[in-house]
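Participant:
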Amino acid sequence: MNRIRQYFTLLSHSTNPKNKLQEAIWDLFNEESNKVTDDLELFVVRMKNSVVKLCE
């Protein structure tokens, strides 16, 4: 899971959210990372689905 956290931090360019969208996505990240082991592809799919739902 550390690898996924590193990718997320790299892609978001921050370890601290700077706005509400980043904060919401960071919350989703933490929620999803508790459910998924170390399968990066599954994690990405779950995050994409969660972000789409968040933006609806």
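Under the working numbering, the letters of the sequence shown match residues 1480 to 1535, in that order. Using N, Cα and C, we set each Cβ at its ideal position, and we do this for glycine too.
Could you give the distance in angstroms between the alpha-carbon of K1532 and the alpha-carbon of W1505?
Facilitator: 14 Å
Participant: Who are the near neighbours of L1507 in its chain, counting only those whose CB is closer than 6 Å to its CB and skipping five residues on each side?
Facilitator: S1529
Participant: Would E1511 and R1525 qualify as a contact pair, given that the criterion is a beta-carbon distance under 9 Å?
Facilitator: Yes, they are a contact pair.
Participant: Just the C-alpha distance for K1499 and K1514, rounded to the nearest angstrom, thanks.
Facilitator: 23 Å
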